[in-house]
Amino acid sequence: MSRELLIIVAPLIGSMIAGLFGRYIGKVMARNVTILGMTVSAVLAIIVFMEIAVGDAPEIRQEVFSWIVAGDFKVHFGILIDRITATMLIVVSGISTLIHIYSIGYMAEDPHQPRFFSYLSFFTFAMLMLVTGDNFLQLFFGWEGVGLASYLLIGFWYQKESACNAAMKAFLVNRVGDFGFALGIFAIYMIFGTLDYAEVFKMAATAQYPKTIDFIIFGASDTITVITLLLFIGAMGKSAQFILHTWLPDAMEGPTPVSALIHAATMVTAGVFMVCRTSPLFELSQTSLTVVTLVGATTALFAATVGLVQNDIKRVIAYSTCSQLGYMFFAAGVSAYSAAIFHLMTHAFFKALLFLSAGAVIHAMHHEQDMRKMGGLWKKIPITYTVMMIGTLALTGFPYLAGFFSKDAILEAAYASHTTVGMVAWVMGMTAAVLTSFYSFRLIFMTFHGKPRDQHAYDHAKEAPWSIRFPLLVLAVGAIFAGMLGAPMVHGGWFKEAIVLAPGHDAMANAHHVALWVKWLPFGAFLIGVLLAWVLYIKVTTLPKILAETYSGIYKFLLNAWYFDKLYDKLFVRPAKAIGNGFWQTGDVTIIDGYGVNGIAATCGRIAQWFRGVQTGYVYHYAFAMIIGLLVLVTVYS
Amino acid sequence: MLSLVTFLPLAGVLAIIIAARNNANTARYIALIVSLATFVLSLRLLLDFDTSTAAFQFMEESAWLPAFGITYRMGVDGISLPFVLLTAFLTPLCILASWESVQKMVKEYMIAFLALESFVIGVFCALDFILFYILWEAMLIPMFLLIGVWGGPNRVYAALKFFLYTLAGSVLMLIAIIVMKNTAGTFSIPDLMNVPLDFNLQIWLFLGFFVSFAVKVPMWPFHTWLPDAHVEAPTGGSVILAGVLLKMGAYGFLRFSIPMLPDASRYFVPMVFGLSLVAIVYTALVALMQKDLKKLIAYSSVSHMGFVTIGIFSFNQQGLEGGILQMVNHGIVAGGLFLLVGVIYDRMHTREIAKFGGLANVMPVYAVIFMLFTMSAVGLPGTNGFIGEFLILLGAFLANKGVAVVATTGLVLGAAYMLWLYKKVFFGVIHSEEVQALKDMNKRELAIFAPLIVLIFWIGFYPGPFLEIMHASVEQLLVQSHTIKAGATAVAMY
Chain G
0 MSRELLIIVA PLIGSMIAGL FGRYIGKVMA RNVTILGMTV SAVLAIIVFM
50 EIAVGDAPEI RQEVFSWIVA GDFKVHFGIL IDRITATMLI VVSGISTLIH
100 IYSIGYMAED PHQPRFFSYL SFFTFAMLML VTGDNFLQLF FGWEGVGLAS
150 YLLIGFWYQK ESACNAAMKA FLVNRVGDFG FALGIFAIYM IFGTLDYAEV
200 FKMAATAQYP KTIDFIIFGA SDTITVITLL LFIGAMGKSA QFILHTWLPD
250 AMEGPTPVSA LIHAATMVTA GVFMVCRTSP LFELSQTSLT VVTLVGATTA
300 LFAATVGLVQ NDIKRVIAYS TCSQLGYMFF AAGVSAYSAA IFHLMTHAFF
350 KALLFLSAGA VIHAMHHEQD MRKMGGLWKK IPITYTVMMI GTLALTGFPY
400 LAGFFSKDAI LEAAYASHTT VGMVAWVMGM TAAVLTSFYS FRLIFMTFHG
450 KPRDQHAYDH AKEAPWSIRF PLLVLAVGAI FAGMLGAPMV HGGWFKEAIV
500 LAPGHDAMAN AHHVALWVKW LPFGAFLIGV LLAWVLYIKV TTLPKILAET
550 YSGIYKFLLN AWYFDKLYDK LFVRPAKAIG NGFWQTGDVT IIDGYGVNGI
600 AATCGRIAQW FRGVQTGYVY HYAFAMIIGL LVLVTVYS
Chain P
0 MLSLVTFLPL AGVLAIIIAA RNNANTARYI ALIVSLATFV LSLRLLLDFD
50 TSTAAFQFME ESAWLPAFGI TYRMGVDGIS LPFVLLTAFL TPLCILASWE
100 SVQKMVKEYM IAFLALESFV IGVFCALDFI LFYILWEAML IPMFLLIGVW
150 GGPNRVYAAL KFFLYTLAGS VLMLIAIIVM KNTAGTFSIP DLMNVPLDFN
200 LQIWLFLGFF VSFAVKVPMW PFHTWLPDAH VEAPTGGSVI LAGVLLKMGA
250 YGFLRFSIPM LPDASRYFVP MVFGLSLVAI VYTALVALMQ KDLKKLIAYS
300 SVSHMGFVTI GIFSFNQQGL EGGILQMVNH GIVAGGLFLL VGVIYDRMHT
350 REIAKFGGLA NVMPVYAVIF MLFTMSAVGL PGTNGFIGEF LILLGAFLAN
400 KGVAVVATTG LVLGAAYMLW LYKKVFFGVI HSEEVQALKD MNKRELAIFA
450 PLIVLIFWIG FYPGPFLEIM HASVEQLLVQ SHTIKAGATA VAMY
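Going down the list, the sequences are from chains G and P.
So the first sequence is numbered by numbering that gives the first Met the number 0: it starts at 0 and just counts up by one.
So the second sequence is numbered by numbering that gives the first Met the number 0: it starts at 0 and just counts up by one.
Written out as structure tokens, the structure reads:
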């Protein structure tokens, strides 16, 4: 087994041992086995990263085994590690290991730990499959695998009705995305005759494909546009982009370590990864890039507006995640893929940090998640407060912390793209930056400052154990330095052949030369946001209530996340049920069975009844019939 | 060799009649041993099977009724062999599943089951039309008895509906067979594949066969017998019904309609696609509303078979191989799901979804296995369901993008009803004492599922060996499907 394969398989082995034999080896052992598997994976991932990304080793390509062969359709399991994958490996394996450790403390009282750790490791395995695959089908394999893990983990506390519903919702909304993704894969195979990245990209680069494809009602359409838009539908589902985002906030029903790992740091970034990985295709379609930009920018702004008024500490961070993913997408849309990956990486650190600190707060408050019941906590849990502050500053783009480098790179690239959509995205992104700063500090102020609003919970709040604190500290270090260390990524060609740019798509190169005010404007946004939050939640604490009452329409609109859930319920869920019932009761029972099957049977019965009536068994009836018959015959033939 | 595989179960029937006078256990053991022996023999077939040729293998021929041109002719190729194996594989599992749940007339039950196995294997091996037809009809009798005698409260209605529905279809097939004999002068299936037929005649023959096969598949709107039959049938009966009997219809398309009537088959592609799409969407939505576990799975079967017929009629290698593989997969997964329902039915004697809830608390192993089959049913990569569905949809996309788009919505709808079912049965808190008292699966039950689970993953990760069996035959079928048999005039018609 090669080293690279072991990176992927080690978590799977841990997961299988914990899952299948957890009840025999005990929860401590099950836990340790998965952590061991993760550590092996993380250490190897770091080694590989050092060789490929820090050193200058060539990309790694391995073929593991042949998966499906049917006619000319051939797909294998393979490994491809270039600089994008190497970066993802660090993020996935590294953060997953930390979260395994964190879960020791966080899940200590849960009776189902082996199951939890098994799912967590299984998730990591699937995510690693996703990022290391060298063809589209393997990407899809990992894609669905993480979807399953997400479903299982959101529904981990399966006795809670809300958790089960959230799990189902996540799976189904993602399936809608997969619907597009699957069609995209079919289209790729139809056009290129293979699903292997290298071959597809090579043919795309040399224009060896039919330029148009006849796509059902759309008629003859640009081939690459069709393919990339279909793929992007998949990305929208997985990365919770506008209109397919509704599952992500509900996913917070899962345990907090899960929210941190899956619904912030890794899985939800899979869509961004996919778009960057297929940059050789996306670059060929301006239409698709425009769509990506607009969807990303819309999400960035939309989720930020909703985040303003949420009261559940995890929901605020969830909408923040949604919004930050939007940033990554519009970066990709303006061809600043390297900035997207860079932000993906820094975001993984500070968002995991934020979630885990929120988890520490929740832990300290005995499973209370409502910020309206918190306040003044900084005195009781100073370490948590400090790391959460670091995370918040990193997210909001405080100078020289992680987000400062990556988010600014995205905004500068959007500005430097010199296209209309680029400018639209820049304006939306800049507005979202103000909102981000506001809701982030609103969270900090409501939770840690002011007076305690629930004295009992406050009195009992205490700092979390070391297994929880250790990962927080590591991530805090990451949130501080990831930006500085990762900054070279956005300089020309760091990702080598992994990212392809079409001629003229030089937003990233120009981003370094934008005017100084463009570079510092995000910091201004940060200041405005902090100031507003300070006024509303520290200085004049009565103001938020007054505002909410004065503008109750807007407030409710935002609180209910633009009423998307209600809309979908009316638009899809209810009609599906009504139609299903109609098909069943009217279609099957009344028409097919009623008129058709049983109708025919009944008609046969009636006819038979009639014939039976004729056969009375009385001789004089028959004799009478014979006489009539005789008379008729005689009349006719005479 | 083929005759041995086919008729060994009938020998078992004799053995039960003679040996197990009134002893239920003897009957059970004889049935189990005989069905296992049949399975071992069928594996022997697999070993000796030459995957490099599309020709029929293990041919047996002897005169039967020479005056009418009827011959006893058997043989298998890469298309029928998987079904012979599937039948031989599922039967012992069904017998094991019926071990305790069937308590009345055990001897007769086992006799019916072995007879059923024998006839079904015969159907897949028969290469003479009359032999085929006799076995096709004979198989109805034991199935009719299984539902009608060992079924649920409404068993008589269900059994009659099943019998008459199928019989009505078969009559048209018989007419088609006789017409073919009169035109071509032979009942030999391999010979008929090469006989040119007039286009109009092909159309009529196709329709005759179509009704018969469409009822068996079942295709919408000929499907309404299936939910009733499944709900009333005992567990073993449901498994064989979903696992094997439904496959006979699709097998009919592969063996007769396409190679013998290629022009008509191509002509009717839009109709088949249309009905299959309706089946996928319509029955998936209906499944969403079901309150009975078995009925839900029955409707899901119709939806899944819609995928199969689309794959077959996409007339390319991916679609055809996907279709055949998906039939095997469906046999494993739907069979498995019915077995799983049987497990809780044996304990609770109800199939009403609302009566359950929170099962994951008391039956964790069962919950995991059920989840596995659920995931295979929704086509999650890594399971067998994915490979089949993916190849079918890929084939469909190559043939007709619109069809592929609509069919792919099945991915979403399929997940919706399966996850809803899972949530209702396994998640939540326990709200009845009956559920609280449930015991997890015992060793016998686990033994039933072990081989199915192995196959789910084997096909999911390494479908090579399974696809290899059919490669040569599918390639030949592909050639046949594109043959123009009707002559130049008829081709101009479309």
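Beta carbons are placed, not taken as given, at the ideal position from N, Cα and C, and that holds for glycine.
Everything numeric in this text was worked out from a predicted model, so none of it was measured.
Is the shortest distance between the beta-carbon of residue i and the beta-carbons of chain G less than 8 Å?
i: P:I447; result: no
i: P:A471; result: no
i: P:G384; result: no
i: P:K160; result: yes
i: P:F369; result: no
i: P:Y266; result: no
i: P:A487; result: Legend: pLDDT at P:A487 = 47, less than 50; position of this residue unreliable, value from coordinates given subsequently. Not closer than 8 Å to any Cβ of chain G, the Cβ of P:A487 fails to qualify, so no.
i: P:P220; result: yes
i: P:G381; result: yes
Strictly below 9 Å CB to CB, what residues from chain P border residue i?
i: G:L570; result: Here the premise fails: no neighbours, minimum Cβ distance about 14 Å.
Interface residues of chain P around residue i at Cβ under 7 Å?
i: G:S117; result: Those within 7 Å of G:S117 in chain P number zero; the least Cβ separation is about 11 Å.
i: G:L247; result: The premise fails here: G:L247 is roughly 18 Å from chain P at the closest Cβ pair, so nothing lies under 7 Å.
i: G:W583; result: V285 and M288
Using a Cβ-Cβ cutoff of less than 6 Å, which residues in the same chain neighbour residue i once the five nearest sequence positions on both sides are dropped?
i: G:M273; result: A234
i: G:P248; result: R314 and A317
i: P:L412; result: A283
i: P:L418; result: none
Residue i by DSSP, collapsed to three states: which one?
i: P:E474; result: helix
i: G:V539; result: coil
i: P:L260; result: coil
i: P:G74; result: strand
i: G:K73; result: strand
i: G:W561; result: helix
i: P:G11; result: helix
i: G:I80; result: strand
i: G:Q112; result: helix
Check whether the Cβ of residue i lies closer than 8 Å to any Cβ atom in chain P.
i: G:D587; result: yes
i: G:E160; result: yes
i: G:Y196; result: no
i: G:L558; result: no
i: G:A575; result: yes
i: G:S322; result: no
i: G:S65; result: yes
i: G:Y188; result: yes
Using a C-beta to C-beta distance shorter than 7 Å, which residues of chain G count as neighbours of residue i?
i: P:Q317; result: A69, G70 and F72
i: P:V404; result: L182 and I215
i: P:G401; result: I215
i: P:K422; result: C163 and M167
Chain G partners of residue i, CB-CB under 8 Å?
i: P:E320; result: A69 and G70
i: P:M374; result: L147
i: P:A414; result: F170, L171 and R174
i: P:G427; result: Y157, Q158, E160 and C163
i: P:A359; result: Y157
Heavy atom of the ligand COA less than 7 Å from the Cβ of residue i, yes or no?
i: P:F143; result: In terms of ligand content, the structure shown is empty, and the ligand COA therefore cannot be addressed.
What residues in its chain sit with their C-beta under 8 Å from that of residue i, if we drop five residues either side in the sequence?
i: G:F289; result: Correcting the residue identity first, residue 289 of chain G is Thr in this sequence and not Phe. Contacts found: G332 and V420.
Residues of chain B with CB under 7 Å from residue i, in chain order?
i: G:I578; result: In the structure shown, chain B cannot be found, because the protein chains are G and P.
Counting only the same chain and skipping the five closest in sequence on each side, list residues whose C-beta sits under 7 Å from that of residue i.
i: G:G144; result: A125 and M128
Would you list, in sequence order, the uninterrupted alpha helix (DSSP H) runs of no fewer than 4 residues that lie entirely inside the segment 365-408 of chain P? 383-398
Just list the alpha helix (DSSP H) runs in the segment 487-551 of chain G, keeping only unbroken ones of 4 residues or longer that don't cross its boundaries, in chain order. 506-510, 515-533 and 542-549
Run through the segment 215-260 of chain G for me and flag every whole alpha helix (DSSP H) of 4 or more residues, listed as ranges in chain order. 222-237, 246-249 and 255-259
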